[in-house]
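Residue numbers (the working numbering): 894 to 990.
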């Protein structure tokens, strides 16, 4: 899962991100719009959640509600109201916890 400052998220399968074994550009997971930046990148279980830090306070985001898409897209708007995303909160809660 990647999430931008404006609240757009891309949820893709890990096998779409190839391991870079030598010098190279790498893999583009998300293409944010103009003026937008990727703020969160996490590996989360399909039924897990993760917490993001907004300017107004933390908010929990459920991965189960996200559509699994291919990489290299702008993403779907998952945080529609509230302040911009500042970053992620370190503790990621998974289904097993």
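Ideal Cβ positions, reconstructed from N, Cα and C, are used throughout, including at glycine.
If you're wondering where the values come from, they're calculated on a predicted model, not measured in any experiment.
Considering only their Cβ atoms, is the gap separating residue j from residue i smaller than 8 Å?
| i | j | result |
| --- | --- | --- |
| residue 944 | residue 903 | no |
| residue 942 | residue 933 | no |
| residue 954 | residue 971 | yes |
| residue 897 | residue 929 | yes |
What three-state label does DSSP hand residue i in the structure shown?
| i | result |
| --- | --- |
| residue 953 | strand |
Looking only at DSSP bridge pairs, what is residue i linked to?
| i | result |
| --- | --- |
| residue 897 | 931 |
| residue 969 | 902 |
| residue 961 | 904 |
Between the options, which lies nearest to residue i when the distance is taken from Cα to Cα?
| i | options | result |
| --- | --- | --- |
| residue 939 | 950, 899 and 958 | 958 |
Are the segment 909 to 929 and the segment 962 to 972 touching by the rule of at least three beta carbon pairs closer than 8 Å? yes
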